[in-house]
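Residue numbers (this note's numbering), protein chains in the order written: chain A, 102 to 327; chain B, 1066 to 1161; chain C, 96 to 512; chain D, 273 to 1279.
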C-alpha cells in the first residue's frame, strides 16, 4: 500500500516510460491526519452541543476523493472504469451512483468524482489506471476537499438560503448531483435521501462553509454529529 | 439576472454560476507571426459589440467548467439559442 | 443669452416666472453644417460649446436620438476627480478638472460642482502600494493628492468602519481634496444652453440611421426624421452606442458596451460629506445635496444595451456599502438603474480619427466619463476644428490598439465610478 | 387625546387590543390592525410633515404605498432608528415611537415655513442652476445651507442590531398582488398542482376587497377572501407571503421580494429573529395582479392637510373604522369615487357636496347618491382650498366640458376634508423593470404594460380592468394560463369562477389639472408631486423654458424622484406637460419605473454577506499553528497568509531582520500552501505548456522543475510559477496565490475553444497539497533528519524534484528556491500538513528553524531580484521589460501565447520602462514603494517621470536598502543616478543597478 514509484526508477525503464506519476499519499497511523474541519473540533461539539434541532451536520472526513477525467467517446476508458469499479460511470448529466462504500458523481461530461474509503484511494486509482485505456486522467484530491452531510427536516431551508439552485423534490430527486454556488463559494451538492444531502467542499473554504452553516441553521437548531 | 441553459449539464442554471467571456467565434489566427500589428490588434481588441443579436461565449464556472456559446439579444436580453463550442449558431442576425 | 443671476431670479419671481426665455431653441436642421456632432450627452454638448466658443465654428449641429443629456450623463454617480495613474490620463482628467473649477461661471449655469474631496481606500498592502504610486505620480503631475493612514481617514469620515476586525480593514487612502461631485443634468443643460446661444443647432428626437460616406470620407449622416444632413466633419460622441455607429461607418472599435448600475438611497439628513471609494471592497458612495446616498455598482460582465444589469451586482454593492458603513444597514435603497458604458480594454477613452476621413470618435470612457465632460469636449472640439488630435488627445487614438501603446488605467478605474 | 375620528364599530381593527404609540413625543392610542397612518388620523393628527422646499404643512393623503407625505422617522432606540417609514404601510404596535422628519422646532410649528412663504416664489424649478454662482468661491458656502434642508429622516448612528436573510425560490407561477385578481389566479394555479408563490405588500391578503364592501358569490367579498386564503394555505406547493413587496422584476423572470418579518412589531421583536428577508425568485410564469392607484386631481392648495385621495378615505372608513374628518367635499371625474361619499355618509358624517367635473354624469352609484339626497354639483370643480393647517373650505366653480377653464362664478363651501379622484393609474411599475415600455390607453385614461419578452401575464387593475366581475375573470384566466404554460395541463378545467355583480358606470372624464380663474403661474399652488413640491406652474415653466421631453420635465422639476417615485403625481405631471406642449400624453412620452417598487432596506439586500461572512477567509492546513505562534496576517486574495511572526516587543522591522537573517544564516520556513497548483495530465501536456508559457518545455526531463512566465496574447506578463515534470505525460504547475483560478480558467479556455484536439486534462490541486518551504544553508541537514530521500547535491540537484517520505508521510520535494538559498519545497497531502510542519519544528529547534511570512519572503526574493507578478508587474510589462529575456524562447515551433503581442510596435521600443535594481545613496534610506523617479528633481511641475519603485526593503543581510523599480530605458542606464521626490519635499537619490543584489552567480542555491 505504501509502495512508491520514484521517477528515476521509472525513467530508467526505457521500455515502459511511466506516463504519469503515481503516488500513494497515505501515511501510516502514526502520522496524524487532520480533516479540513479538524480545527472546528466537531467531536467535542457533538458531545457537548445540542442533541435536537432541525439540521444535523456530520463531516465524513478523510475519505478517498478521486477526480476521474475522460471522454465518453473513449470506450476503453468507460469499459475500464466499469471493470475497475464494478459499475458504470454515470453518463447521464447530474446523476450519481452509489455502491457499497463507493460513490461516483457526474461533475461534467468528462469529469466524475469518485469517493471511496480513505485507505482504498491508491488501490482504486491503480485499478482504474490498469483497466482504463486511451486518454484519461485521475487525480487524487483526498486532502483538498471534504464531505459534509446535512440531514433533518430543515435542511432544505438551509440549502435555499445557501444556493440559488432549485432544491425542490420535483427538480432534485434523491441521487441527483449538481455543482453550484454555495453561499460565496461552491459545492458539489448531492441528495442522498429524503431529508439528507451531501456537500463536497474544498479544504481552504471549509471554515467559511462551517461558519455559514452555523449561521444559516441557527434558527432551526444545529446538531453536530461526530 | 439571467437564467442560462447549460448545454453540458442539460438544464437551466442561475447566472451566478456563469461568467460572461465576450464575443464568440474569435479564432486565434493560425499564424500569429505573419499577422500585421493591425491584424493582431484587431484579433485582440476589436469587437462587433452589436445592439441586437450577439453571439457570445460563457463558461459554466461554478458548475461543469465548460465553455459554450449563447446567442442573445443585447437589448431585450432574451437568449435565443445556446450551442456548444465548435458548433455554428442557427439563429443569426439579418445580414450576417 | 439671458443672463442668470439671483437678481434676475427675483425680477422673474415678481412676474410669476412667466417671462423666462427658452434655454435652447428647437430648430429645424439646415441642409449642411461645418460639423455635426452625433450624440447630445454631456460630452457632445461640451464639444459643440467649445467648438463655438474657442474655435469660432458655430455652424454646428448636435443630433440626439432621445433628449439632451439623457444617456449616461443622466445615469452616473456624478463623481469628478483627476487622480489617474498614467501621465496621459492624468493630464487629460486634470485638464477637465481645471475646466470644472470655473464651469458654472463660464456657462452662467450653476452645475453645482462641489469639491468635497474624494477618498480611495486601501485595504491590502498592494492597495497601499498602488495608492502610493498613484499619489506620487499625481503630485509630480501637479494634481493634488495625499496618502492618508487609517486614522486620518477616520477623521475625515467618522461613520466609516475603520476598525481592525472588519474582513478587509481600512489601511489608508488616497485623498484628493479638489475632487467632488457635480449636478449631472445641469452639466448637460448648461453646455446645451451655452452652445445654443452661440448658434449651435440642438436637434433632439432624431436618430442617425446611417453614415453617408463617399470615397472613404464622410459627407453627412442619414437621420430618421430629417433625411440626410451634410457636414464637412462628423464627431461621434455616443458612449454605449459607439459600436453601432462605427458599424454603420464600416469598422469595428475596441469597445464593448456593458450595463453599469447605480442606485440611490432614500434622502436622509446629511451624514457623508465626501466621496468614499473602495476598489477592494468594491463600493463607493457620496451624498447628494438632496440627501440621497449615491452609490455605484459594478459593471456586468456581459454586453448589454438594455440600461439594466443583473441583481447580484446590486447585492454585492449593497453588501459592500453595509460593510463600509454598518450604520446604513437600516437605510433603504430607493431606486436603481443602469447605463450603457462603452469600455476599452485599457480602461481609457478613445479620442481619435477613424479609418473614415473626417469622421472622428470620442468614446470608450467606460465607467469614468462624467468627470471628464468639459475636458473631453474641449479636446474633441480642438480635434474636430483642426482635423487632427489635440495634444492631450493624441495618446488616446484608437490605433493604439494596433501598435500596443495602451494606457492601462484598470487600477485607477477599478470600481465603476 | 381620544380617538375622535374613530367609529364605534366597523373595520378590520381589533378594538379589544388597544395599542399605545408615540408621535412627536406625544402619546396616542390605536388598535391592533391599525396602520400608523390610520391611528394618527383616528387621533385627529393633521400635520405629519413639512414639505421639502416650501415647508408647507402636510397631512396624510393616501392609504398605501403611494403615500407621498406621511414619511416618518421610526424607532425607540438609536440603533433601531428607521428613516422614511411610510406611515400608511407601517402596522401599529404597542410602544411604537415615531416623529416627523422635517420642521423646526416641529412639523406643527415650523419656522422655515415663513421662509417658504416669503421665498417660495424665488424657488421655481431649476432655481439652483440660475443662481448661487457668484462669486465662484462662495458656492460651497451656499451649498452648506442648501444641504441643511436635505433629506427626510436620518440614518441611525449605531450599528444595526438586527439580522437579515435571503431565500432562493423557484416556482411555476409567481403571482404579485393578492387582491381579487391575484387571489383568483392563485386559486386556479394552486389547484393545478403548480408551485405557486403569492406575495402581497400588505399584512392581509385581499387588496381592495378589504375595504370595498363589494360582494362575491352573493356574500361579502371578505368571506371569499378568507375561504380562498384558507384553501391556498392547504396546498402544499403554495407559498403565501404577506407583508412582502415584490420590489424588483428582473430579466428571465427573476423577481425579488422584500418580506418584512418583524417590522410590524419592529424594535419590540424578540432578539435573534430575522427582521427582513429577501426572497430571490425564479419563476416560470409571472402573473402581475398589482391593481391600480387612484389619481388625485391637481387643484389650488391641494396640499392642505385634509385633502386626500378619495379611495383612501374609503379605506380608512371601511378598513380601519376611521373617518378622517367631519365635512367632506368630494371632487371626481368618474363614477367610482361616489362610493367615498356614500361611505362617508354611512359613517354618519356630513357630505357637503359631490363636485363632479362632468356635465351630466349617469351611473348606478350616482343614482344611489341622488337617492340618498347627497348634494351633487355637476360640471364643476374645486378650484382652490382654504385653510392652512387643515382644510376649512373650498372654492367651487363651473368649468367647461373639456375642463380647460372656469366658466362661471366661484362658490365657497365650508368643509374640513377634500377627497378627489381623477381616475386610476394601473400599477405597471414591475412590468417596466425589465425594459417594457408602457402603452397609453385613452379608454381607461392610463398606461398599461407594454410588450414584454418575459413570460408574464397581467390581470385586473393593472390592465385598467376595474369591474370586480371582470377582475376576477382575468385573474382566474391568467392563473390557468400561467399554470398550463408551466406544464400543468388542464389547469382551467372545472374552475368555477367567483361571480360578482356588474355595477353600471358612466364614462369618466380625462381631467388631471383643474383650471383656476387665474393662469396657472399666478394661481394658488397646485401640487403635482407633493413630496418634491412640484407644482403645475413648475411643470408649465419647465416646458416654457424648453424642457419638452417628459424626462427633461421630470429631471428639471424633480417630479417623481421622491421615495414614492411619483405613484400619485407622474401621470398628472405628464398630462400637464402634454397640455402645455399642445400634444397628447403618448406623444409627450411615457413613464418608466425602475426598481424598487417601494424602498428596500440595505441590510436586507446584503443579507448575511456582511461582517464575518462578508468575504471568504481561506486558510491553509497550518493556519492554526500560525495563529498560535503570533503571526500577523496579510490578505492575499481571499487567503489569510502569515505576514510576519513578531516576538514579544519586536517591531515589524526587527521581526523581519530576524526572520531574514535566520533564513540566510541557518534555515527558515514558509507556508507556501496558497500557491495555485494545477495537475496536468495527458500526452499533449508538454506541448500545451510550450504554448502557454513564454519559455521552452520540450526538453524538461522527468524529475525536473522549471520556472515559467505566462503572458496574455498582448505579450504582457500575467502570472508565473514553477512547473515540474512529474512524468512524461504529467506535470504539476504552480501559479501565484491570487492567480490560481484565473490561470486554470485560462488553460481551459484555450483547451476548450482553440485546441480541443490536444489530449490534456487540467485539475486544480491547490487545496490538495500542504506546501512548506524550508530555506537556508541548514535546510538540507534539517530535512535529512526526516526523509528517506537521498539529498546529496549530486543526486538531488537544484531544480530537481523527488518523491519519498518526510516524517513518515509520503511527500514530493521540489528543490526550487525563491530566496536564492538552498531550499526544499515539501508537498504532502494537506491532511498531514500540520503534522509534518510540527515535525520539522521538533527537529528544527537546533537549527533555529524560523517561521517567516510573506514580508520576509518578499525581502529575500528581492535580494535576489526575483519578481512578484502583480507587484513588480501591472499588466503593462513584457518579459523583456522585466529583463527576463532568458525566459523567452523564440525558437519554439508554435507561436506561443504572448509572442506576437510582445512584437508589436510599442512593445519593441527600446525606451520602454524596464525593471532594474535601485541602490540608495544613503544605504539606510528605504525608498517608499510607489515613489516616482525623475532625472531632475528640480524641474518644474509637471515633472517627467521615469517609472515607479515596485518593491523596496531594508536588507538586514546586505546592510543596506534595496529596491526594484521601473525606469524608462533602465536596462541601458546601469550606474546612473535617479531621484525620487517625496511628498514631504525631500528627495531620495538612488543608483540604477542590477536587480540581483545578492549572490549574483546563484551559488547559494546550488550548494
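Just so it is clear, CB atoms sit at the ideal spot from N, CA and C, and this is done for glycine as well.
These numbers were taken from a predicted model, which means no experiment stands behind them.
State buried or exposed for residue 1201 of chain D, treating a residue as buried only when at least 16 other CB atoms are found within 10 Å of its CB. buried
Compare the beta carbon distance of residue 1111 of chain D and residue 1270 of chain D with 8 Å and say whether it is the shorter of the two. no
Alpha-carbon spacing of residue 1255 of chain D relative to residue 555 of chain D, whole angstroms: If you take the alpha carbons of residue 1255 of chain D and residue 555 of chain D, they lie about 57 Å apart.
Alpha-carbon to alpha-carbon, residue 170 of chain A and residue 234 of chain A: 12 Å
Paired residues, beta bridge with residue 439 of chain C - DSSP: According to DSSP, residue 439 of chain C bridges with nothing at all.
Helix, strand or coil at residue 521 of chain D [DSSP, three-state]: strand
Kindly give me the distance between the Cβ atoms of residue 341 of chain D and residue 321 of chain D, rounded to whole angstroms, as I take these residues to be in contact under 8 Å. 5 Å
Check for me: the beta strand (DSSP E) holding residue 364 of chain D runs from which residue to which? Taken as a continuous stretch (DSSP letters only), residue 364 of chain D belongs to no beta strand (DSSP E), as it is neither H nor E.
Between which two residues does the beta strand (DSSP E) holding residue 305 of chain C run? 303-309
Scan the stretch 1147-1205 of chain D and note each continuous alpha helix (DSSP H) run of 4 residues or more that stays entirely inside, going in chain order. Counting only runs of at least 4 residues, the stretch 1147-1205 of chain D fully encloses the following alpha helix (DSSP H) elements, listed from N- to C-terminal order: 1171-1174.
What do you get for residue 1067 of chain B, buried or exposed, if any count of 16 or more other CB atoms within 10 angstroms of its CB means buried? buried
So which residues of chain D does residue 1123 of chain B contact, with C-beta pairs closer than 7 Å? Neighbours of residue 1123 of chain B on chain D: none; closest Cβ ~12 Å, over 7 Å.
Residue 395 of chain D to residue 325 of chain D, Cα distance in whole Å? The straight-line gap from Cα to Cα measures roughly 8 Å.
Residue nearest to residue 587 of chain D in terms of C-alpha spacing, selected from D/615, D/1070, D/1009, D/1161: D/615
Close-in-space but distant-in-sequence residues of the same chain around residue 345 of chain C (CB under 6 Å, 5 per side omitted): none
Helix or strand or just coil, what does DSSP make of residue 1129 of chain D? helix
In the DSSP assignment, what are the bridge partners of residue 286 of chain C? DSSP, once it has assigned bridges, lists no residue as partnering residue 286 of chain C.
Along the chain, where does the alpha helix (DSSP H) containing residue 452 of chain D start, and where does it finish? First-last of the alpha helix (DSSP H) with residue 452 of chain D: 452-463.
How about residue 673 of chain D and residue 644 of chain D: do their beta carbons lie closer than 8 Å? no
Just to confirm, is the Cβ distance from residue 160 of chain A to residue 247 of chain A under 8 Å? yes
Minimum Cβ-Cβ distance from residue 1131 of chain B to chain C less than 8 Å: no
Contacting residues, own chain, Cβ-Cβ under 8 Å from residue 1152 of chain B (five flanking each side not counted): Within the same chain, residue 1152 of chain B has close Cβ partners 1134.
Are residue 1240 of chain D and residue 1219 of chain D touching if we call contact CB-CB under 8 Å? Judged by beta-carbon spacing, residue 1219 of chain D lies within the 8 Å limit of residue 1240 of chain D, meaning their Cβ atoms are closer than that value.
Within chain B, the residues that residue 263 of chain A reaches when beta carbons sit closer than 8 Å: By Cβ distance, chain B contributes nothing, its closest Cβ being about 12 Å from residue 263 of chain A, past 8 Å.
Using the Cα positions of residue 414 of chain D and residue 1204 of chain D, report the straight-line distance between them to the nearest angstrom. 39 Å
Run through chain D and tell me which residues come within less than 8 Å of residue 227 of chain C, C-beta to C-beta. Those are 1200, 1201, 1202, 1203, listed as they occur along chain D.
Evaluate residue 848 of chain D with the Cβ neighbour count: other Cβ atoms within 10 Å of its Cβ, from every protein chain shown; 16 or more gives buried, anything less gives exposed. buried
Backbone CA spacing between residue 857 of chain D and residue 742 of chain D [nearest angstrom]: 27 Å
Along the chain, where does the beta strand (DSSP E) that runs through residue 301 of chain D open and close? 298-304
Cβ closer than 9 Å: which chain D residues qualify as neighbours of residue 263 of chain C? 886, 887, 907
Within the 8 Å Cβ cut-off, does residue 178 of chain A reach chain D? no
Quick one: Cα of residue 259 of chain C to Cα of residue 265 of chain C, how far? 8 Å
Closest by CA to residue 324 of chain C, which one among C/158, C/249, C/479, C/241? C/158
Rounded to whole angstroms, what's the CA-CA distance from residue 512 of chain D to residue 452 of chain D? Just pull it up for me. So the two alpha carbons sit approximately 15 Å from each other.
When the Cα atoms are used, what is the spatial distance from residue 805 of chain D to residue 375 of chain C? 40 Å
Would residue 198 of chain C and residue 290 of chain C be called neighbours here (beta carbons separated by less than 8 Å)? no
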